[in-house]
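A short worksheet on the structure shown next.
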Amino acid sequence: MKIKLIQPKMSLRPMDSEFKRLMSPSLSLLVLAALTPKEHSIIIEDENANLLNLEDSPDLVGITVNIDTSNRGYQIAEYYRKKKVPVILGGIHVSANPEEALQFADSICIGEAENLWLDILSDVSLGQLKPKYYSTIIADPSKIPIPRWSLTPSGKYLYTNIIVASRGCPFKCEFCYNSCDYVHHQYRNRPIANVLEEIKQLKTKHVMFIDDNLIGDIGWTRAFLEEIKPLGLKWNAAVSANILNHLDVLDQMQESGCQSLFIGFESINEQSIRSVQKFQNKRENYERLIHELHKRGIMVNASLVFGFDHDSPQVFQNTLDWLVKNKVETMTAHILTPYPGTILYERFFSEGRIVDFDLSHYNTANVVFSPKQMSQKELLEGYLWIYKEFYSFKNIFKRIPDHPKQKVPYLLFSLIYRKFGKLISKIASLGFMSSVGRLARKLSYHIE
-6 MKIKLIQPKM SLRPMDSEFK RLMSPSLSLL VLAALTPKEH SIIIEDENAN
44 LLNLEDSPDL VGITVNIDTS NRGYQIAEYY RKKKVPVILG GIHVSANPEE
94 ALQFADSICI GEAENLWLDI LSDVSLGQLK PKYYSTIIAD PSKIPIPRWS
144 LTPSGKYLYT NIIVASRGCP FKCEFCYNSC DYVHHQYRNR PIANVLEEIK
194 QLKTKHVMFI DDNLIGDIGW TRAFLEEIKP LGLKWNAAVS ANILNHLDVL
244 DQMQESGCQS LFIGFESINE QSIRSVQKFQ NKRENYERLI HELHKRGIMV
294 NASLVFGFDH DSPQVFQNTL DWLVKNKVET MTAHILTPYP GTILYERFFS
344 EGRIVDFDLS HYNTANVVFS PKQMSQKELL EGYLWIYKEF YSFKNIFKRI
394 PDHPKQKVPY LLFSLIYRKF GKLISKIASL GFMSSVGRLA RKLSYHIE
């Protein structure tokens, strides 16, 4: 069979450049490709990197759907269905909202696809594609294959050095997809040997772990960090704020080459943190956590959410002052977004507070609900303001790290990615995005 897998174009936020679309390819599609038997021909088309070829007629089209790509994904699905090409949809939004997705497809995959993909292909070949495939068993992490990187277009992406070492999350925050009924959030790690083999095959000294939480099983993390110490890597990852309970693991991270950690602080307001069941965060520990990371030369990427029920307009100035005072290197800000299927959405919907049902606006850069202590306009303007102020030249230079090894990577990220991202994106659009990534790694970490 001829199989085509599609990544629809994502929507950009006001502060984003084309860098955002070309950061990395879809790992989920590359994993599906790796699971596909060799007798089938398979291609992946990423609308973020190239125009889609809509003149073909494959035997099966599979589309991965996130919430902000859902409208475009459904549009592509309907186009192929009109051509009598069977279409199956999957992805986190489909798992969270299966009945909605089924309106636009011949079939949907609910949950993780690893246990279902071969059955789906068999049914298609027999002309017996079922409307729904539901993964009742969580995927065995030891059977997750190495992504089929050979299907990615050369030079198109900033990062092709990304790895997922785990699935799921041990926590269940109200605003997160892990709170959805159909999402397998049970935390499990891949075997360490499998992850090491994938690192080896990437042939790079810079690795980005894109797990929801690299420390969901702290015992596994300890063992893994010991294994990668001799490899001479430079790496980045996301962890939960309770990493502060494991200073020995922070030491291991430093010794094994950790450069920065993405941490979901979410808010500097204790009431806001508690309101969404983020019990792993302790507001009184935030400053100490940042200090412990900086002491080890590890940069902080703070994830922050605005619009909680306890947030007033003053939250933006208070948060900016806190970020600058603590020399937080990078910030990823979000407007609180109640994704359909989450506990937060159900609560806001029952309270009559959802005001925008256009799913393309659910990208954490639009106000789709009615806040309690500020207007929708104040929330949007405050969100845009804190991004502008945080990445102003004045505040970039106020936050220059004290640790000498992080000064260059910090300035490169802040000035090139945030301040001059649109210019660099134009250069990279000529087909040199991967070269930009290699140059940044060479300047920052002296590695290829």
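Residue 210 in my numbering is what sits at position 217 of the sequence shown, and the numbering runs on without skipping anything.
We put the beta carbon where it would ideally sit given N, CA and C, even for glycine.
In this structure, DSSP gives Asn64 a helical state, which the three-state scheme calls helix. Assignment of beta-bridge partners to Met(-6) by DSSP yields no partner.
Between the region 293 to 301 and the region 135 to 143 there are fewer than three C-beta pairs closer than 8 Å, too few to call the two in contact. In the three-state reduction of the DSSP assignment, Val269 falls in the coil class, being assigned neither a helical nor a strand state. The beta-carbon distance between Lys(-3) and Glu38, rounded to whole angstroms, is 7 Å. This is short enough to meet the 8 Å contact definition. In chain order, Asn278, Leu282 place their CB closer than 6 Å to the CB of Leu237, counting only its own chain and leaving out the 5 sequence neighbours on each side. For Asn90, the CB contacts under 7 Å within the same chain, skipping 5 residues up- and downstream, are Pro333, Gly334 in chain order. DSSP, read as helix, strand or coil, puts His396 in coil.
The C-beta distance from Cys173 to Ser34 rounds to 34 Å, too long to meet the 8 Å contact threshold. Between the region 118 to 130 and the region 155 to 162 there are fewer than three inter-stretch CB-CB distances shorter than 8 Å, so the stretches are not counted as touching. By the neighbour-count criterion, in which a residue is buried when 16 or more other Cβ atoms sit within 10 angstroms of its Cβ, Ser143 is exposed.
A residue is called buried when at least 16 other Cβ atoms come within 10 angstroms of its Cβ; Ser63 meets this threshold and is buried. The beta carbon of Ala326 lies closer than 7 Å to those of Leu297, Phe299, Tyr376, Ile379, Tyr380 in the same chain, with the five residues before and after it left out. Contact check for Val24 against Ile56 fails: the beta carbons are separated by 8 Å or more. Take the alpha-carbon of Ala216 and the one of Cys102: they are about 34 Å apart.
In this structure, the straight-line span from the alpha carbon of Tyr403 to that of Leu95 is close to 45 Å. The alpha-carbon separation between Ser343 and Leu337 amounts to approximately 10 Å. CA-to-CA, the gap between Ile221 and Leu189 works out to about 8 Å.
By the Cβ-count criterion, Pro134 is buried, with 16 or more other Cβ atoms from all chains shown falling within 10 Å of its own Cβ. For Asp112, the enclosing alpha helix (DSSP H) begins and ends at 110 to 118. DSSP places His199 inside the beta strand (DSSP E), whose first and last residues are 199 to 202.
Exclusion of the five residues before and after Asp349 leaves Asn359, Val360, Val361, Phe362 as the residues of its chain whose Cβ lies within less than 8 Å of its Cβ. Here DSSP, grouped into helix, strand and coil, assigns Glu374 to helix. Considering only Gly84, Val401, Glu40, the residue with the shortest C-alpha distance to Ala106 is Gly84.
Looking at Ala27, Asn59, Glu48, Lys13, the one whose alpha-carbon comes closest to that of Ala42 is Lys13. Within the model, the alpha-carbon separation for Ser353 versus Asp61 is close to 4 Å. Under the DSSP assignment, Phe255 falls outside any alpha helix (DSSP H), being part of the beta strand (DSSP E) whose first and last residues are 251 to 259. Under the DSSP assignment, Ser34 falls outside any alpha helix (DSSP H), being part of the beta strand (DSSP E) whose first and last residues are 34 to 39.
C-alpha of Glu322 to C-alpha of Val401: approximately 12 Å in a straight line. Contact between Leu15 and Leu195 does not hold, since the beta-carbon distance rounds to 18 Å and is not under 8 Å. Distance from the CA of Leu82 to the CA of Ala98, rounded to the nearest whole angstrom, comes to 7 Å. A Cβ-Cβ distance of about 14 Å is found for the pair Val200 and Leu254, leaving them out of contact under the 8 Å criterion.
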